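*Asks:* Below you will find the structure I want to go over with you.
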Amino acid sequence: MIDVLLSIPLLSYVFFPTKGASVSTSVNLIFIYMTWSSLVFSHHPLEIHLSGLLVLRVIFWLIPSLVFLLFDIGVPSLAEGLKHGGRSSLPPRNVRKLAKLLGLAVLNIFLCMAVEAIVTMAYTLVFKRHIFKMTSTLPLPWTITKHCTFILMTREVLQYYLHRRVLHGKSGLARKHVAYAHATSGAPYSLQVYTDHPIAIFFHRFLPVFLPSVIIRTHMLTYFFVIILTTIEETLAMSGYTFIPGVIMSGITARTAIHYAGRGSSNYGAVGVMDWAHGTSKSRDVLRDAKKEADKRNVHERSTKKAGVGSAAVKDGVKSLKKRVKLSK
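Set out below in structure tokens:
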């Protein structure tokens, strides 16, 4: 299994490129072609499919999410100033609660992979071929661009309507989604990408990407590339940080923070085109309200603690005074 994960051409090209000024792009393409060809001829398509998904989720979601989480709970005073919504957007520091959230996220990842495996096996059984193109030939740049554009545009439409009508409608699933994903106000953190109800994850994260990819039966490498793009986008969008680079990505992050701060009352699409068309966008006022509420709670907690300390000091003083009076008698 390990050799399959490390042999994914996209990962080899991105993370372990051949260095040297004399090495041309064509040599790198030949390397990718040879690696991919050997992978296709030596492993079962479903094994490549699922192994690739797993390694991409680990590299582009799990590891960054844990790094962001350690930063948020390790230096909350610094992280507070870098988050949309301030203190209201910090994750809980309860280790047991965080462990449960991590367990739920990992469980949802494997459930999505299981669904994808079942659908893939059923497709293969009926049509006698893998659900995605598994030829040794690399997809052309124009084909990759065309397929990625179709998948991402379809994803925007599907995600908007599924998110708004199904996950924020009046069904029992909508109540589950609110209970899992919107339990607290404020911007989210990256671990929450998969800490939703499993069925909600299916409609929100899995179906909008998988369905259009299957409709056009794109190449497996193109599908992996789309998974990389969407996973990076979701991880950064759910981070809640204000310093995310790029006009588009920083806008997506702010819109996601507003969606969570407003308990899902706006900003249902990934990019925002569908929200703009349907008038369901909201401004940063929601974030400011969430931040004010968090500050009020913090002040109240501090004043309560101080009042408790003061009350205890008064009680101790009264007790000591009574003892002195008794001794003097």
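Numbering (full-length UniProt numbering), first residue to last: 1 to 329. We put the beta carbon where it would ideally sit given N, CA and C, even for glycine. Computed from a prediction, not measured in an experiment: that's the story for all the values here.
Tell me which residues share the same chain as M220 and place their Cβ nearer than 6 angstroms to its Cβ, disregarding the 5 neighbours each side in the sequence.
*Replies:* By one-based count along the sequence shown, residue 220 stands at place 220. Cβ neighbours of M220 beyond the five flanking positions: F132 and M134.
*Asks:* Within a Cβ cutoff of 8 angstroms, which residues of the same chain sit near T120, ignoring the five residues on either side of it in sequence?
*Replies:* Along the sequence shown, one-based indexing puts residue 120 at 120. Around T120: L46, H49, H130 and I131.
*Asks:* Please classify S65: is it buried, with 16 or more other beta-carbons within 10 angstroms of its beta-carbon, or exposed?
*Replies:* Position 65 of the sequence shown, counted from the start, is the residue given in the question as residue 65. So S65 ends up on the buried side.
*Asks:* Going by beta carbon distance, what residues of the same chain come within less than 7 angstroms of F203, once the five residues before and after it are set aside?
*Replies:* In the sequence shown, residue 203 corresponds to position 203, counting from 1. Excluding sequence neighbours, F203 sits near L162, V166 and L167.
*Asks:* To the nearest angstrom, how far is it from the Cα of A79 to the Cα of F71?
*Replies:* On the sequence shown, position 79 is the one that residue 79 refers to. On the sequence shown, position 71 is the one that residue 71 refers to. One C-alpha to the other measures close to 7 angstroms.
*Asks:* Can you say whether L140 is buried or exposed, counting buried as having 16 or more other CB atoms within 10 angstroms of its CB?
*Replies:* If you number the sequence shown from 1, residue 140 lands on position 140. So L140 ends up on the exposed side.
*Asks:* Relative to the C-alpha of A270, which candidate in F110, T253 and C148 has its C-alpha closest?
*Replies:* Looking up residue 270 in the sequence shown gives position 270. The candidate whose alpha carbon is nearest that of A270 is T253.
*Asks:* Looking only at its own chain, which residues have a Cβ that is under 6 angstroms from the Cβ of P212, when we skip the five neighbours before and after it?
*Replies:* Taking the first residue of the sequence shown as position 1, residue 212 is located at position 212. Cβ neighbours of P212 beyond the five flanking positions: I151 and T154.
*Asks:* Please state if the CB of A237 and the CB of T218 are separated by a distance shorter than 7 angstroms.
*Replies:* Reading the sequence shown from its first residue, position 218 is the one you call residue 218. Reading the sequence shown from its first residue, position 237 is the one you call residue 237. It is not a contact, given that the beta carbons lie outside the stated cut-off.
*Asks:* Smallest Cα separation from L158: which of T124, P208, T149 and L173?
*Replies:* The count along the sequence shown starts at 1 and reaches residue 158 at position 158. Checked all of T124, P208, T149 and L173; the closest Cα to L158 is P208.
*Asks:* Hey, quick one: how far does the alpha helix (DSSP H) through residue 332 stretch, first residue to last?
*Replies:* Given a span of 1 to 329 for the chain in the structure shown, any question on residue 332 remains unanswerable.
*Asks:* Which residues bound the alpha helix (DSSP H) around T231?
*Replies:* As a first step, residue 231 is located in the sequence shown; it is residue number 231 there, counting from the start. Residues M220 to A237.
*Asks:* According to DSSP, is Y189 part of a helix, a strand, or is it coil?
*Replies:* On the sequence shown, residue 189 is found 189 positions in, with the first residue counted as 1. Of the three classes helix, strand and coil, the one that applies to Y189 here is coil, per DSSP.
*Asks:* I'd like to know if the stretch 97-113 and the stretch 26-45 are in contact, where contact means that at least 3 CB-CB pairs between them fall below 8 angstroms.
*Replies:* no
*Asks:* Do the stretch 187-198 and the stretch 94-110 touch if we need at least three Cβ pairs shorter than 8 angstroms?
*Replies:* yes
*Asks:* By the three-class DSSP mapping on this structure, what secondary structure does K128 have?
*Replies:* The residue labelled residue 128 in the question sits at position 128 within the sequence shown. Three-state DSSP puts K128 in coil, outside helix and strand.
*Asks:* Please report the distance separating the alpha-carbon of V214 from that of G81.
*Replies:* Looking up residue 214 in the sequence shown gives position 214. Looking up residue 81 in the sequence shown gives position 81. When rounded, the distance between both Cα atoms is 42 angstroms.
*Asks:* Here's a check: name, in chain order, each residue in its chain whose Cβ is nearer than 8 angstroms to the Cβ of K170, leaving out the five neighbours to either side.
*Replies:* By one-based count along the sequence shown, residue 170 stands at place 170. Same-chain partners within the cutoff: there are none.
*Asks:* I'd like the span of the alpha helix (DSSP H) that includes Y161, first residue to last.
*Replies:* Translated into the one-based positions of the sequence shown, residue 161 becomes position 161. Per DSSP, Y161 belongs to the alpha helix (DSSP H) from P141 to Y161.
*Asks:* In this structure, what does DSSP give as the bridge partners for Y241?
*Replies:* Reading the sequence shown from its first residue, position 241 is the one you call residue 241. According to DSSP, Y241 bridges with K83.
*Asks:* Looking at C-alpha atoms only, which residue of A277, I248 and T235 is the closest neighbour of W61?
*Replies:* Position 61 of the sequence shown, counted from the first residue, corresponds to residue 61. Checked all of A277, I248 and T235; the closest Cα to W61 is T235.
*Asks:* Classify K170 as helix, strand or coil using the three-state DSSP reduction.
*Replies:* As a first step, residue 170 is located in the sequence shown; it is residue number 170 there, counting from the start. Coil.
*Asks:* Let me make sure I understand the geometry here. Which of V126, P188 and E116 has the alpha-carbon closest to that of S51?
*Replies:* Reading the sequence shown from its first residue, position 51 is the one you call residue 51. Measuring from the Cα of S51, the nearest candidate turns out to be E116.
*Asks:* Counting C-beta neighbours from all protein chains within 10 Å, is the total for K305 16 or more, i.e. buried, or is it exposed?
*Replies:* For the purposes of this step, residue 305 is taken as residue 305 along the sequence shown, with counting starting at 1. For K305, the pLDDT reaches just 48, beneath the cut-off of 50, and the residue's location in the model is therefore unreliable, leaving the point undetermined.
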